[in-house]
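Colleague: Starting off with a structure, shown below.
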Amino acid sequence: NVVTGFTTRSVFKERKRLESALLLGLKNTLGGVCCSRGCTPDENVNNSTDITMPLGENVCLEGCKPRINCTEEDYGMFVDVRYFQLGPVDIPDDLDQSFLNTLILKAGAERQKHFQAAKLVRKETEQKVKNFENHAAEILESAKSDSKLITETMDANASFIVESARIIGLKNLYSTLNLTDMRQRNKFDYLRSLQKVNDLRLTIGYNQKISGSFPKV
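Structure, rendered in structure tokens:
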């Protein structure tokens with residue numbers, strides 16, 4: 697039986713191959729296995745999976761037995777079968793439901809597969825975003841640290857420059873005023889400091905005058 701070589705699913709999905717196999721089965725059963733009279737071997741036909749005899753060509757079917765070697769039994773029922781057309785194939789309700797369940801299960805498996813893939817992609821994306829955020833935070837902290845270091849260095853350099861200029865200026869001032877004695881220099885510095893005080897008051901003590909900054913009464 698030719699049909700037993702096909703699965704239930706292939707009966708519906710491979711109609712062309714089933715139709716060709718049934719045609720060959722009918723030829724062998726009704727017309728025998730002998731080659732047609734006057735047929736010639738054709739490599740293209742013999743190597744083809746389509747065993748339907750081409751119209752208008754007298755070619756030998758693949759696997760046929762040369763007529764010179766045929767016996768009476770090899771001629772079958774002496775019926776020349778040339779054509780066969782497979783009609784509609786009804787699908788039983790149980791089989792139809794089975795196919796439907798298979799499709800549903802397959803679709804569910806595909807859905808779950810895509811769901812897991814999407815979940816994995818989402819997890820990887822979240823991890824990448826987290827890594828980017830951490831990297832950005834590290835860059836920001838590093839920039840703040842560098843900025844603070846640069847600012848502190850510039851402030852220190854500025855203070856050093858100002859202090860150096862002040863020392864040089866005082867040296868020049870002392871030299872111009874010919875203040876060589878340290879006590880004179882201290883008195884001079886004290887007077888310069890008093891000039892910077894806005895609420896300077898002069899008070900009279902028992903033994904000496906005192907100048908300084910005192911709150912108003």
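Numbers 697 to 913, taken from this note's numbering, label the letters of the sequence shown in order.
C-beta atoms are modelled at their ideal positions from N, C-alpha and C, and glycine is treated no differently.
Computed from a predicted model, the values in this text were never measured in an experiment.
1) Along the chain, where does the alpha helix (DSSP H) containing T849 start, and where does it finish?
2) So R711 is in the alpha helix (DSSP H); what residue range does that whole segment cover?
3) Determine the DSSP secondary structure at V707, reduced to helix, strand or coil.
4) Quick check on T700: does DSSP put it in helix, strand or coil?
5) Pull up the DSSP beta-bridge partners for K883, would you.
6) Closest to E710 by C-alpha separation, out of A852, V785, N827, would be which residue?
7) For D746 and F795, what's the separation of their Cα atoms in angstroms?
8) Is it the case that the Cβ atoms of F780 and L719 are separated by a distance below 7 Å?
9) Using only alpha-carbon positions, find the residue among R705, Y870, F856 that is nearest to Q793.
10) Roughly how many angstroms lie between the CA atoms of V699 and C735, to the nearest whole one?
11) Look up V755 in the DSSP assignment and give the residues it is bridged to.
12) If L875 sits next to F884, beta carbons under 8 Å apart, how far is it from one beta carbon to the other, in whole angstroms?
13) Just how far apart, CA to CA, sit E837 and R881?
14) Tell me which same chain residues have a C-beta within less than 8 Å of the C-beta of G772, skipping the five on either side of it?
15) Can you list, in chain order, the residues of its chain whose CB lies under 8 Å from that of V707, leaving out five sequence neighbours each side?
16) Starting from the Cα of L757, find the closest Cα among C731, D770, C766, R778 and give me that residue.
17) Report yes if the C-beta distance between L722 and V777 is below 7 Å; otherwise report no.
18) Whole angstroms are fine: how far does the CA of M850 sit from the CA of I835?
19) Using the C-alpha atoms, what's the distance from K712 back to E768?
Modeller: Taking the coordinates as given:
1) In the sequence shown, counting from the first residue as 1, residue 849 sits at position 153. Per DSSP, T849 belongs to the alpha helix (DSSP H) from 789-873.
2) Counting from one through the sequence shown, the residue named residue 711 turns up at place 15. It spans 711-726 - the alpha helix (DSSP H) in which R711 sits, taken as one unbroken run.
3) Position 11 of the sequence shown, counted from the first residue, corresponds to residue 707. For V707, the secondary structure class from DSSP, reduced to helix, strand or coil, is helix.
4) The residue given as residue 700 occupies position 4 in the sequence shown. T700 falls in the helix class under three-state DSSP.
5) Indexing the sequence shown from 1 puts residue 883 at position 187. Answer by DSSP bridge pairing: none, since K883 is not bridged.
6) Walking along the sequence shown from the start, residue 710 turns up at place 14. Considering only alpha carbons, the answer is V785.
7) Residue 746 sits at position 50 when you count from the first residue of the sequence shown. Residue 795 sits at position 99 when you count from the first residue of the sequence shown. Summary for D746: the model assigns pLDDT 49, below 50, so the residue's position carries little reliability; its value from the coordinates is reported in the next sentence. CA-to-CA, the gap between D746 and F795 works out to about 28 Å.
8) Position 84 of the sequence shown, counted from the first residue, corresponds to residue 780. Position 23 of the sequence shown, counted from the first residue, corresponds to residue 719. Yes, these two residues count as a Cβ contact at 7 Å.
9) Stepping through the sequence shown from its first residue, residue 793 is reached at position 97. Of R705, Y870, F856, the residue nearest in Cα terms is R705.
10) The residue given as residue 699 occupies position 3 in the sequence shown. The residue given as residue 735 occupies position 39 in the sequence shown. Straight-line Cα distance between these residues: approximately 28 Å.
11) Walking along the sequence shown from the start, residue 755 turns up at place 59. The partner list for V755 (beta bridge, DSSP) reads T736.
12) Stepping through the sequence shown from its first residue, residue 875 is reached at position 179. Stepping through the sequence shown from its first residue, residue 884 is reached at position 188. The Cβ separation is near 6 Å, so the contact holds.
13) Here residue 837 is taken as the residue at index 141 of the sequence shown, counted from 1. Here residue 881 is taken as the residue at index 185 of the sequence shown, counted from 1. Going by the C-alpha atoms only, they are around 49 Å apart.
14) Here the question's residue 772 lines up with position 76 in the sequence shown. Result list for G772: N724, T725, L726, G727, G728, V729, in chain order.
15) The residue labelled residue 707 in the question sits at position 11 within the sequence shown. Taken in chain order, the residues that qualify are V699, L714, V785.
16) Taking the first residue of the sequence shown as 1, we reach residue 757 at position 61. Nearest of C731, D770, C766, R778 to L757, Cα basis: C731.
17) Within the sequence shown, the letter at position 26 stands for residue 722. Within the sequence shown, the letter at position 81 stands for residue 777. Between L722 and V777, the gap from beta carbon to beta carbon is short of 7 Å.
18) Walking along the sequence shown from the start, residue 835 turns up at place 139. Walking along the sequence shown from the start, residue 850 turns up at place 154. One C-alpha to the other measures close to 22 Å.
19) To locate residue 768, count along the sequence shown from 1; it is residue 72. To locate residue 712, count along the sequence shown from 1; it is residue 16. In a straight line, the C-alpha of E768 is about 32 Å away from that of K712.
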